[in-house]
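Asks: Before anything else, here's the structure in question.
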Amino acid sequence: MLGQLDAVTLARAQFAFTVSFHFIFPAFSIGIASYLMVLEALWLKTGQGVYANLYRYWLKIFAVAFGMGVVSGLVMSYQFGTNWSVFSTKAGPVIGPLMAYEVLTAFFLEAGFLGVMLFGMSKVGKELHFFATCMVALGTLISATWIIAVNSWMQTPAGFALNAKGQFVPAGSWWPIIFTASFPFRLVHTVIAAYLTTAFVVGGVGAWHLLKDRANPGARKMFSMAMWMAAIVAPIQIFVGDAHGLNTLEHQPAKVLAMEGDYQPSPDGAPLILFGLPSNEEARVRYEVSIPHLGSLILKHDPFAPLPGLTDFPRDQWPPAHIVFWSFRVMVGLGFAMLGIGLWSLLARYRGKLYEWSWLHRASVAMGPAGFVAVLAGWVTTEVGRQPFTVYGLLRTAESHSPLAAPAVAASLLAFVLVYFSAFGAGTYYLLRLMSKPPERGESEPPGVPQRAAGITPASGVAASPAVKG
Amino acid sequence: MLMAGMDLTIVWAAIIGFAIMAYVVMDGFDLGIGILFPTFAVGDERDQAMNSIAPVWDGNETWLVMGGGGLFAAFPLAYSIVLPATYPLMIAMLLGLVFRGVAFEFRWREPSHRQLWDIAFSLGSFVAALAQGITLGAILQGIHVENDAYAGGWLDWLSPFSLLTGVSVVVGYALLGATWLIWKTEGSSQRHARKMALRLGVATLLALAAVSAATPFLSYDYWRRWFAMPGVVLTAQVPLLVIICSATFFWALRREFERVPFLMALALFLLGFVGLGISIYPYMVPRAVTIWEAAAPPESQSFMLAGALVIIPLILAYTGWAYWVFRGKAGIHGYH
Chain Y
22 MLGQLDAVTL ARAQFAFTVS FHFIFPAFSI GIASYLMVLE ALWLKTGQGV YANLYRYWLK
82 IFAVAFGMGV VSGLVMSYQF GTNWSVFSTK AGPVIGPLMA YEVLTAFFLE AGFLGVMLFG
142 MSKVGKELHF FATCMVALGT LISATWIIAV NSWMQTPAGF ALNAKGQFVP AGSWWPIIFT
202 ASFPFRLVHT VIAAYLTTAF VVGGVGAWHL LKDRANPGAR KMFSMAMWMA AIVAPIQIFV
262 GDAHGLNTLE HQPAKVLAME GDYQPSPDGA PLILFGLPSN EEARVRYEVS IPHLGSLILK
322 HDPFAPLPGL TDFPRDQWPP AHIVFWSFRV MVGLGFAMLG IGLWSLLARY RGKLYEWSWL
382 HRASVAMGPA GFVAVLAGWV TTEVGRQPFT VYGLLRTAES HSPLAAPAVA ASLLAFVLVY
442 FSAFGAGTYY LLRLMSKPPE RGESEPPGVP QRAAGITPAS GVAASPAVKG
Chain C
26 MLMAGMDLTI VWAAIIGFAI MAYVVMDGFD LGIGILFPTF AVGDERDQAM NSIAPVWDGN
86 ETWLVMGGGG LFAAFPLAYS IVLPATYPLM IAMLLGLVFR GVAFEFRWRE PSHRQLWDIA
146 FSLGSFVAAL AQGITLGAIL QGIHVENDAY AGGWLDWLSP FSLLTGVSVV VGYALLGATW
206 LIWKTEGSSQ RHARKMALRL GVATLLALAA VSAATPFLSY DYWRRWFAMP GVVLTAQVPL
266 LVIICSATFF WALRREFERV PFLMALALFL LGFVGLGISI YPYMVPRAVT IWEAAAPPES
326 QSFMLAGALV IIPLILAYTG WAYWVFRGKA GIHGYH
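Chains as they are written, first to last, in our numbering: chain Y, 22 to 491; chain C, 26 to 361.
Rendered as structure tokens:
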């Protein structure tokens with residue numbers, strides 16, 4: 022079977038595999054870092070022990086998830102060179118500096134303050150500890166900003182010139198390189214997605230424990246907070262997603278047409294294809310179920326607005342429609358399901374039954390992992406939709422890879438699959454076990470608290486503990 | 026403009042060199058602790074060793090991302106030649122780092138799994154160190170480049186010399202780990218670390234001597250760089266300083282000093298690093314691509330430089346603060 026796969030396909034499979042695995046962790050740690058910041062702020066402000074307990078409860082989970090994010094992210098920073106060396110040579114002068122800034126402004130910030138955040142409460146006191154939490158949360162957001170800037174440049178490249186070696190080089194100002202046409206939409210959509218993902222994890226965990234013990238104060242608090250997020254942020258996300266789609270239609274029309282399955286142009290308004298099996302070979306959607314004019318209404322906000330079709334574009338510029346068509350539907354479907362949960366929780370809250378309606382809790386448990394699925398589906402949509410290019414319209418994926426033999430890439434892909442499933446599989450098991458424990462009054466410290474010799478613990482550390490017990 | 030570009034390139038070469046050195050200084054000892062881990066007794070000794078690096082390992086490893094990311098940004102050509110040329114090594118290093126990185130948290134999660142994650146921690150550290158060392162040898166012995174791209178096979182890096190550098194780095198990191206533990210632990214852990222440091226000190230010096238003796242025979246360029254007059258007056262200072270540092274190291278070890286052995290081990294690494302710089306400069310890929318040929322355009326380098334000059338001192342400041350917060354001996358109290 023391997024004989025039929027070439028080095029490019031294998032390299033793509035490897036990148037898709039490693040980046041998908043990696044993306045799961047930041048999608049969670051961006052949200053959870055901000056959540057921890059909010060919890061600690063509320064604890065400092067109100068002095069209520071329930072916030073401190075929840076902080077410690079989620080900190081342990083954060084530590085495990087963050088560790089996996091770090092090591093899987095380290096792999097990504099070398100994937101560009103190992104498997105996509107031609108892309109790296111050509112695009113390096115433009116996107117390399119952005120990634121270097123990500124390391125300088127985000128990774129060091131996160132890593133530098135993470136130790137204090139995890140292990141330092143008894144050493145630095147409450148205020149400095151809160152500062153460390155804020156720095157870690159800020160680091161995750163800065164990191165997202167830079168890497169989305171890089172990705173957006175690959176999708177909607179601007180501000181570059183081509184030099185004699187065929188490299189993309191900055192044409193002058195860095196402003197147009199960083200703030201490309203799709204950047205603001207992609208950034209907002211992605212960060213909100215991370216927040217929603219976290220809200221549904223927290224909500225699912227809270228609901229799980231409410232089903233067992235409705236009186237648990239920690240479970241009630243986290244469920245309530247998560248449902249506020251769902252109710253407020255899910256509609257915002259749908260609105261932002263719509264704007265992002267319109268932006269994509271403007272700058273990458275073939276991607277949107279593949280997402281919609283629109284092969285033929287629709288001069289009188291495009292239908293919305295609900296289901297079907299798109300086939301690039303036959304240039305049509307098989308078993309199509311569609312609603313007339315709804316496609317144009319969504320994409321143009323006018324039911325009779327004309328839309329082009331994929332057949333208006335050269336055949337060698339079509340993304341694989343059968344993938345993006347479905348990944349897009351998975352993402353959107355889950356987005357609306359999240360909205361549904363949010364509205365349901367508002368109704369429950371209004372009736373004063375937020376902690377009583379067990380079907381809402383069951384549904385929230387079921388939706389716990391929904392954010393991860395939606396984030397990955399969205400990522401697949403935008404990245405597969407970028408094909409067959411690495412730098413959209415300018416550099417083909419088939420011309421971007423390293424001069425490596427297929428067996429080398431296949432062997433390393435196999436190694437990644439084995440290692441990731443064993444290491445991150447175990448990690449997921451530990452995460453689920455941590456989540457299955459109910460939040461209790463005295464959450465223990467995170468693992469491996471390094472302590473100084475007895476007698477020299479600073480007084481500030483001692484002062485921190487009574488509030489926790491309260 | 027050309028002049029400015031050349032200067033920037035040297036500045037960036039220095040920054041990348043600094044990042045790599047910072048990585049070796051900081052991650053070297055925590056990889057070394059991983060390498061030495063099986064020699065420590067299960068229980069307090071291992072927990073203490075782990076606790077001494079748990080709050081800082083993540084920051085340490087970020088310098089590796091900085092080295093890779095900085096190379097990508099400032100010298101994209103070198104990045105895209107060296108990585109495919111050492112492909113299996115890079116993959117092995119990354120996978121090793123995955124295993125050891127997750128072990129920090131995982132080993133505390135389930136006591137019955139702890140032994141498994143301790144093995145993962147140790148094996149991952151060993152593989153990562155070995156791969157880094159072999160990569161160093163592969164770069165020194167030369168990489169086959171045609172038309173600005175790697176043109177060799179996927180096992181070109183394998184040679185007796187690269188295996189020698191691989192083992193040397195493993196031994197050297199283990200020395201850093203042992204001397205770090207002399208500083209950060211007490212009791213039986215410290216006694217054990219002292220014993221290991223003595224043996225590893227001897228082994229590191231032998232390795233350093235072997236690599237130094239073999240390098241000039243790889244290429245006449247290296248030979249001339251080290252032994253031709255008048256340069257030899259300067260280059261001879263390196264082995265002289267190595268002798269002074271080694272003597273101080275053994276003296277401090279015997280006197281049971283707690284910090285000096287670690288500092289001297291670092292000094293040995295620094296001197297080895299300077300030696301490598303003397304051999305390689307001005308090449309990024311020895312005898313194939315100079316730093317100027319590999320450099321990104323001045324616009325890219327200057328854009329990054331503005332940030333780097335402000336941010337790197339800040340990073341060093343808060344990293345220093347984090348180390349200061351966790352100063353003193355590491356406790357045995359893991360957790361719960």
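Even glycine gets a Cβ: it sits at the ideal position worked out from N, Cα and C.
Residues in its own chain within less than 8 Å of residue 84 of chain C by CB, not counting five upstream and five downstream?
Replies: 51, 344, 347, listed in sequence order.
Asks: Does DSSP put residue 469 of chain Y in a helix, a strand or coil?
Replies: Here residue 469 of chain Y scores only 41 on pLDDT, less than 50, and its place in the model is too uncertain to base an answer on.
Asks: Of all the options Y/274, Y/318, Y/234, which has the alpha carbon lying nearest to the alpha carbon of residue 294 of chain Y?
Replies: For residue 294 of chain Y, the nearest C-alpha among the options comes from Y/318.
Asks: Determine, for residue 173 of chain C, whether the minimum Cβ-Cβ distance to residues of chain Y falls below 8 Å.
Replies: Yes, its Cβ sits closer than 8 Å to a Cβ of chain Y.
Asks: What does residue 493 of chain Y touch in chain C if you count any residue whose Cβ is under 7 Å from its own?
Replies: Since the first and last residues shown for chain Y are 22 and 491, residue 493 of chain Y lies out of range.
Asks: Which residue or residues does DSSP assign as beta-bridge partners of residue 315 of chain C?
Replies: C/308
Asks: Measuring alpha carbon to alpha carbon, tell me which of C/46, C/32, C/40, C/349 ends up nearest residue 298 of chain C.
Replies: Considering only alpha carbons, the answer is C/46.
Asks: Can you give me, in chain order, the residues of the stretch 310 to 335 of chain C that have a beta carbon less than 7 Å from any beta carbon in chain Y?
Replies: Cβ proximity to chain Y below 7 Å picks out 321, 322, 324, 325, 328, 329, 332, 333 from the stretch 310 to 335 of chain C.
Asks: Taking Cβ-Cβ distances shorter than 7 Å, what residues in chain Y pair up with residue 147 of chain C?
Replies: By Cβ distance, chain Y contributes nothing, its closest Cβ being about 15 Å from residue 147 of chain C, past 7 Å.
Asks: Do you know offhand how far residue 280 of chain Y's Cα is from residue 342 of chain Y's?
Replies: 6 Å
Asks: Is DSSP giving residue 185 of chain Y helix, strand or coil here?
Replies: coil
Asks: Relative to the C-alpha of residue 351 of chain C, which residue among C/283, C/79, C/289 is closest?
Replies: C/79
Asks: Determine which residues share a DSSP beta bridge with residue 328 of chain Y and list them.
Replies: Y/287
Asks: What's the C-alpha gap between residue 62 of chain Y and residue 399 of chain Y?
Replies: 32 Å
Asks: Apart from the five residues just before and just after residue 140 of chain C, which ones in its own chain have a Cβ nearer than 8 Å to its Cβ?
Replies: 67
Asks: Return the chain-ordered ranges of every beta strand (DSSP E) run that is complete within the stretch 161 to 207 of chain Y and spans a minimum of 3 residues.
Replies: 181 to 183, 189 to 191
Asks: Comparing C-alpha positions only, which one of C/284, C/292, C/239, C/319 sits nearest to residue 271 of chain C?
Replies: C/292
Asks: CB-CB under 8 Å to residue 411 of chain Y, same chain, minus the five flanking residues each way: which ones, in chain order?
Replies: 105, 108, 112, 175, 417, 418, 421
Asks: Counting only beta-carbon separations shorter than 8 Å, does residue 34 of chain C have a partner in chain Y?
Replies: no
Asks: Looking only at its own chain, which residues have a Cβ that is under 8 Å from the Cβ of residue 286 of chain Y, when we skip the five neighbours before and after it?
Replies: Here the set comprises 327, 328, 329, 330, 332, 333.
Asks: When the distance is taken between beta carbons, is residue 276 of chain Y closer than 8 Å to residue 407 of chain Y?
Replies: For residue 407 of chain Y and residue 276 of chain Y, yes; Cβs fall inside 8 Å.
Asks: List the residues of chain C whose Cβ lies closer than 7 Å to the Cβ of residue 239 of chain Y, in chain order.
Replies: Near residue 239 of chain Y there are no residues of chain C at all, since even the closest Cβ is about 19 Å away, more than 7 Å.
Asks: Kindly indicate which residue of Y/49, Y/313, Y/69 has the alpha-carbon position closest to the one of residue 223 of chain Y.
Replies: Y/49
Asks: Measuring alpha carbon to alpha carbon, tell me which of C/106, C/148, C/81 ends up nearest residue 118 of chain C.
Replies: C/148
Asks: Is it buried or exposed for residue 100 of chain Y, if we count other Cβ within 10 angstroms and need 16 for buried?
Replies: buried
Asks: Between which two residues does the alpha helix (DSSP H) harbouring residue 198 of chain C extend?
Replies: Judged by DSSP secondary structure, residue 198 of chain C falls within the alpha helix (DSSP H) whose first and last residues are 185 to 209.
Asks: By Cβ distance, which residues of its chain are closer than 7 Å to residue 311 of chain C, with the 5 residues on each side in sequence left out?
Replies: 164, 165, 167, 305
Asks: Between residue 167 of chain C and chain Y, is there a C-beta pair that is closer than 8 Å?
Replies: Cβ-Cβ to chain Y under 8 Å: no for residue 167 of chain C.
Asks: Among Y/76, Y/251, Y/132, which has the Cα closest to the Cα of residue 389 of chain Y?
Replies: Y/251
Asks: For residue 373 of chain Y, is the classification buried or exposed, using 16 other Cβ atoms within 10 angstroms of its Cβ as the cut-off for buried?
Replies: Result: exposed.
Asks: Could you name each continuous alpha helix (DSSP H) segment of 4 residues or more that falls completely within the stretch 32 to 106 of chain Y, going from the start of the chain to the end?
Replies: Considered as a whole, the stretch 32 to 106 of chain Y harbours 70 to 104 as its complete alpha helix (DSSP H) runs of no fewer than 4 residues, in chain order.
Asks: How is residue 336 of chain Y classed by DSSP in three states: helix, strand or coil?
Replies: helix
Asks: Starting from the beta carbon of residue 67 of chain C, find every residue of chain Y whose beta carbon is closer than 8 Å, and list them in chain order.
Replies: What residue 67 of chain C touches in chain Y: nothing, since even the nearest Cβ is about 15 Å away.
Asks: State whether the stretch 91 to 110 of chain C contacts the stretch 40 to 54 of chain Y, with contact taken as three or more CB pairs (one from each stretch) at a distance under 8 Å.
Replies: no
Asks: Could you tell me the distance, in whole angstroms, from the CA atom of residue 209 of chain Y to the CA atom of residue 380 of chain Y?
Replies: 32 Å
Asks: My parser needs the alpha helix (DSSP H) runs of 4 or more residues fully inside the stretch 201 to 246 of chain Y; what are they?
Replies: Segments of the alpha helix (DSSP H) lying fully in the stretch 201 to 246 of chain Y: 204 to 233.
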